[in-house]
Amino acid sequence: MSVTLEQIVSLAKRRGFVFPGSEIYGGLAGTFDYGPHGVALKNNLKALWWKRFVEERDDMYGVDASLIMPARVWEASGHTETFNDPLVSDAKTGERYRLDHVLEGAGIDPAGMSLEEMWSALQEKGLKTLAGNAYEQPTTFNLLFPVTMGASKDSATLAYLRGETAQGMFVNFKNIIDAYHPKLPFGMGQIGKAFRNEIAPREFVFRLRELEQMEVEYFVSPESWKASFEEWLGIMRSYAEEIGIPLEHLHEKEIGDEDRAHYSERTIDFEYDFPTGTKELWGLAYRTDYDLSRHGEYSGTPLVYIDEEKKEKVVPHVIEPSLGIERTMLAVLAAAYDEDELGGETRIVLRLQPKVAPVKAMVSPLLKNKPELVEKAKEVRMLLKKVHPAIAWDDNGNIGKRYRRQDEIGTPFCITIDFDTLGETPDLKDTVTLRHRDTGEQERLSIEDVAEKIRLALA
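Numbering (numbering that gives the first Met the number 0), first residue to last: 0 to 458.
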């Protein structure tokens with residue numbers, strides 16, 4: 000079905016996935032807090048990424064670099080010069096807008112345009128601000144968050160909250176070489192926060208000031224970059240399938256010379272059909288030797304790989320698969336969201352892959368005022384938690400309402416303990432009712448068979 004962003008936002012708050020940041024104080028634009036189910040969903044996405052991109056490979060090293068980095072790092076990376084967005088303001092109110100977003104809203108594609116070209120297009124269209132006023136002359140706005148470190152202004156040192164996780168891996172290149180002596184090709188993987196002072200955060204968790212990234216920096220010999228690029232392209236496709244992003248709604252866009260980042264010689268953007276349109280989800284970039292060369296120059300520490308066989312020093316080139324967790328989560332929620340009719344009633348259901356679902360199964364006594372049912376249900380739950388810890392308990396309201404709640408959370412299975420489980424019907428003793436989320440169908444199984452079915456679903 001076609002889902003709107005408003006439907007996802009409503010469900011996310013109602014069921015404890017995502018809340019507006021600092022909401023009781025009026026919120027803070029571009030920040031969000033994650034409730035229990037949102038934390039579980041994000042952790043599942045990260046765990047699957049880490050397994051596929053790092054753990055299952057013998058040539059990958061995990062790192063966790065600092066969030067605060069010296070200004071010199073960002074000068075070397077080019078961020079202090081190029082990490083900018085085009086800014087226009089309301090001439091009367093001072094309210095700020097992203098110029099490219101203004102043009103997109105007017106049906107103009109700003110891709111490849113310079114600041115001057117975008118300003119000319121704005122004037123030709125005669126566009127006004129939301130308040131009906133004229134725009135001021137545009138400027139560029141740097142997205143890095145500065146941090147002043149030190150006890151006084153006189154002794155303060157300028158640093159920045161990192162704008163991306165990548166630079167933390169580049170500055171640790173020599174440390175990995177010295178500590179582990181890897182052979183080319185090899186890579187580093189990192190999951191962590193990045194900060195961008197967005198002019199106009201928007202579209203829920205799509206564009207944020209505080210975001211989380213899953214990135215690999217894969218170091219290769221200059222002549223082998225094409226083969227590695229194709230390898231990581233395939234890994235990204237496989238990850239999309241694993242977490243439930245349909246490939247028919249995932250589009251690989253080759254980025255032209257005029258639109259690529261300053262460090263990239265080839266970039267493919269994975270675009271997804273979000274509720275608000277087809278937009279960038281992930282990126283795969285060939286960064287050449289730009290980063291290691293620049294950091295070597297600016298730090299005074301050569302960042303090279305010594306090829307023992309050829310007896311020569313090489314500055315490796317880099318392939319970078321970059322995935323944002325929040326956009327990944329939004330794509331997963333959009334793909335899973337559905338509404339259908341079950342038992343004569345309309346229901347909302349998240350058809351999440353079992354591996355991704357925050358709750359794997361729910362155990363429930365048919366009646367919560369019958370101690371013998373409650374005790375048995377708790378026993379069954381403890382047995383199933385040995386298969387996976389994310390086994391929920393729900394005894395609130397009638398059984399139908401419990402099922403509906405779990406459908407909205409995306410729980411694949413619901414297990415109900417009734418009097419037959421206790422032996423009221425001797426042949427059914429120690430069996431339970433297993434309900435399937437996607438179809439609503441129920442079957443009678445032994446507790447052991449239920450455990451096996453959950454185990455197989457998560458394999």
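From the three backbone atoms N, C-alpha and C, an ideal C-beta is built for every residue, glycine too.
So which of the options has the shortest CA-CA distance to residue i?
i: Leu366; options: Lys127, Asn141, Arg401, Ile446; result: Arg401
i: Leu27; options: Asp272, Ile198, Arg403; result: Ile198
i: Leu329; options: Ile244, Lys384, Gly396; result: Ile244
i: Gly343; options: Thr30, Ile23, Gly439, Leu40; result: Gly439
i: Leu4; options: Ala334, Phe185, Ile234, Ser21; result: Ala334
i: Asp426; options: Asp437, Leu444, His435, Cys413; result: Leu444
i: Tyr96; options: Gly15, Val2, Pro200, Leu382; result: Pro200
i: Arg434; options: Asp419, Ile453, Cys413; result: Cys413
i: Glu135; options: Val87, Leu160, Asn141, Ala456; result: Val87
i: Asn368; options: Val358, Gly255, Gly396; result: Gly396
i: Ala356; options: Tyr24, Pro19, Val8, Leu44; result: Leu44
i: Ser292; options: Leu207, Pro411, Val313, Thr345; result: Val313
Check whether the Cβ atoms of residue i and residue j sit closer than 8 Å, and answer yes or no.
i: Phe194; j: Gly149; result: no
i: Ala64; j: Gln212; result: no
i: Val303; j: Val379; result: no
i: Arg71; j: Tyr297; result: yes
i: Glu542; j: Arg14; result: Beyond the ends of the chain as shown, which are 0 and 458, falls residue 542; an answer cannot be given.
i: Asn83; j: Asn171; result: no
For residue i, does the count of other Cβ atoms within 10 angstroms reach 16, so buried, or fall short, so exposed?
i: Leu210; result: buried
i: His250; result: exposed
i: Leu372; result: buried
i: Pro364; result: buried
i: His180; result: exposed
i: Ile67; result: exposed
i: Gly409; result: buried
i: Ala133; result: exposed
i: Ala458; result: exposed
i: Ser227; result: buried
i: Leu263; result: Looking at the sequence provided, one finds Ser at residue 263 rather than Leu. So Ser263 ends up on the buried side.
i: Gly295; result: buried
i: Lys41; result: buried
i: Thr420; result: buried
i: Thr415; result: buried
Taking 6 Å as the limit between beta carbons, can you name the residues of its chain near residue i, skipping five residues before and five after?
i: Gly77; result: His261
i: Asp393; result: Met361, Ser363, Arg401
i: Asp417; result: Leu365
i: Ile175; result: Tyr60
i: Ala90; result: Asn132, Ala133, Glu135
i: Asp258; result: Ala110, Gly111
For residue i, which residues in the same chain have their Cβ closer than 7 Å to its Cβ, ignoring the five residues on either side in sequence?
i: Glu216; result: Ala165, Met168, Phe169, Gly186, Met187, Val317, Glu319
i: Lys384; result: Ile390
Starting from the C-beta of residue i, find all residues in its chain whose C-beta is less than 8 Å away, skip the five residues before and the five after it, and write them out in chain order.
i: Glu241; result: Leu47, Arg51, Gln352, Lys354
Pairing CB atoms from the region 308-320 with CB atoms from the region 276-285, are three or more of them under 8 Å?
By the Cβ criterion, the region 308-320 is in contact with the region 276-285, since at least three pairs of Cβ atoms, one from each stretch, lie closer than 8 Å.
Does the region 232-244 come into contact with the region 40-51, if we say contact requires no fewer than three beta-carbon pairs (one atom in each stretch) closer than 8 Å?
Flag = yes, the region 232-244 and the region 40-51 touch.
Pairing CB atoms from the region 30-38 with CB atoms from the region 114-125, are three or more of them under 8 Å?
The count of Cβ pairs closer than 8 Å, one atom from the region 30-38 and one from the region 114-125, stays below three, leaving the stretches out of contact.
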